[in-house]
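The structure under discussion appears below in the form of structure tokens.
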Amino acid sequence: MLDARCSILVTCKANQDGYLSDDSQDWKLPPLLRFAKPLDLLRKKQRGKQNGGGWLLFRMAQVVITIDGPAGSGKSTAARLLAKRLGASFLDTGAMYRAVTLAAMEAGVDMNDEKQLMEVLDKRKFGFRSEGDVMPAFIDGKDVTEKIRSPQVTANARYIASRPGLRERLVRMQRDFASNQKIIVTEGRDQGTVAFADADVKFFLTADLKERARRRHIELKEKGISEDINKIEGDIRSRDESDEKRKVGPLKAASDAIVIDTTKLNIEQVVGKLLKIVKQRCLKKG
Ligand code: C5P
């Protein structure tokens, strides 16, 4: 049974006897929910035997899984793959900081002036969609998914990330986003410590700085961008410092997070570990 933190309602097609059956894939339920048993059968409505059963309305738990960690620790890819395997939604909170950064850069405001940055946040309309394991980002309806990945945006995101007022608003945005999902895998720097401090399962991924720089180097190369690996290492080090030292929502593992060093692991091994732990933690025996 899922460990219920809060309940949501799910409608499912039932078999002829009105109970869950092994062919539950037909219901298009996310895989994690398929393991679950109804916590509380609220309503059973028979629709006649000719279509093989009726509908069950029952309570299911909402599940929040957080993955925090520094740049290049593999958390983004791992979070996407984990979400896919669980049939969960995926939230890339870095994309939110990046979108606000891009909007501020476009407005040409002083990046050190919180009031001006807040005005940008108020004036522009930010949108993030959950599409399986991807999360397209929009500003005033325009798709900026690619644009927010530019090196300039990466370098300037620290100004948005270090402002308490902006962080508060973005954390609210993250909680709103999560409240509409049945199961969510959310990744960032402060997900297990601030945004979802009561999450069901918390992970913190780390890796050696050199290995993280090597991964980023390959990633850029695959995109046709050639950058000196020492420069990449320096940029990551400076981003780590800024993320760890800020007063609000700093990068750190929650006291109840499971810390995984990914230096010597490939992505399949990382996701395998996460998946195993999620199943152990979220599914009670019996
Ligand atoms: O994860 P990503 O590299 O896309 O994040 C961009 C920047 O946004 C990070 O360097 C960090 O400063 C900030 N961020 C944050 N809190 C989060 C997610 C990202 O401060 N939850």
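To convert, take the position in the sequence shown, counting from 1, and add 13; that gives my numbering.
Virtual Cβ for every residue (Gly too), placed ideally from N, Cα, C.
Practice task
Compare the C-alpha of R111 against each of Q165, K277, Q194 and E257 and name the closest.
Solution key: The option with the nearest alpha carbon to R111 is Q165.
Handout entry: Spatial neighbours of E254 in its chain, beta-carbon cut-off 6 Å, leaving aside the 5 residues before and after
Key = Closer than 6 Å at Cβ, skipping near neighbours: no residue.
Exercise for the section: Report yes if the C-beta of D189 is less than 7 Å from at least one heavy atom of the ligand C5P; otherwise report no. Expected result: It does not: the Cβ of D189 is nowhere closer than 7 Å to a heavy atom of the ligand C5P.
Practice task
Report the rounded CA-to-CA distance for L104 versus E240, giving the unit in angstroms.
Solution key: Approximately 28 Å, taken between the alpha carbons.
Problem - Alpha carbon of F141 to alpha carbon of L115, nearest angstrom - result: Going from the Cα of F141 to the Cα of L115 covers about 14 Å.
Handout entry: Nearest-angstrom Cα separation, counted from Q129 out to T79
Key = So the two alpha carbons sit approximately 31 Å from each other.
Handout entry: Option in V113, T167, K155 and A120 with minimal Cα separation from S251
Key = Measuring from the Cα of S251, the nearest candidate turns out to be T167.
Practice task
Flag this pair as touching only if the region 270 to 283 and the region 86 to 93 have three or more C-beta atom pairs under 8 Å; answer yes or no.
Solution key: When C-beta atoms of the region 270 to 283 are compared with those of the region 86 to 93, three or more pairs fall below 8 Å, so the two segments count as touching.
Problem - Distance CB(I196)-CB(A226) smaller than 8 Å - result: The Cβ atoms of I196 and A226 do not sit closer than 8 Å to each other.
Problem - Residues near A96 in its chain [Cβ-Cβ closer than 6 Å; skip 5 each side] - result: For A96, same chain residues with a beta-carbon under 6 Å away, outside a window of 5 residues either side, are F103, D146 and V198 in chain order.
Exercise for the section: Report all residues from its chain with a CB closer than 8 Å to the CB of V113; omit the five preceding and five following residues, and keep chain order. Expected result: Excluding sequence neighbours, V113 sits near L130, V133, L134, F139, I173, L179 and L183.
Exercise for the section: Helix, strand or coil for V23, going by three-state DSSP, please let me know. Expected result: In this prediction, V23 scores a pLDDT of 48, lower than 50, which makes its location untrustworthy; no coordinate-derived value is stated.
Practice task
Could you tell me whether the region 204 to 220 touches the region 253 to 268, using the rule of 3 or more Cβ pairs below 8 Å?
Solution key: Three or more beta-carbon pairs separated by less than 8 Å link the region 204 to 220 to the region 253 to 268, which places the two stretches in contact.
Problem - For M118 and G82, the rounded distance between their alpha carbons - result: Approximately 26 Å, taken between the alpha carbons.
Practice task
Please work out which residues of its chain come closer than 7 Å, Cβ to Cβ, to R137, disregarding the five sequence neighbours upstream and downstream, and give them in chain order.
Solution key: Counting only Cβ-Cβ distances below 7 Å, and skipping sequence neighbours, we find A116, I152 and D153.
Practice task
Kindly give me the distance between the Cβ atoms of G262 and D203, rounded to whole angstroms, as I take these residues to be in contact under 8 Å.
Solution key: Contact check for G262 and D203: beta-carbon distance about 4 Å, within the 8 Å limit, so the pair qualifies.
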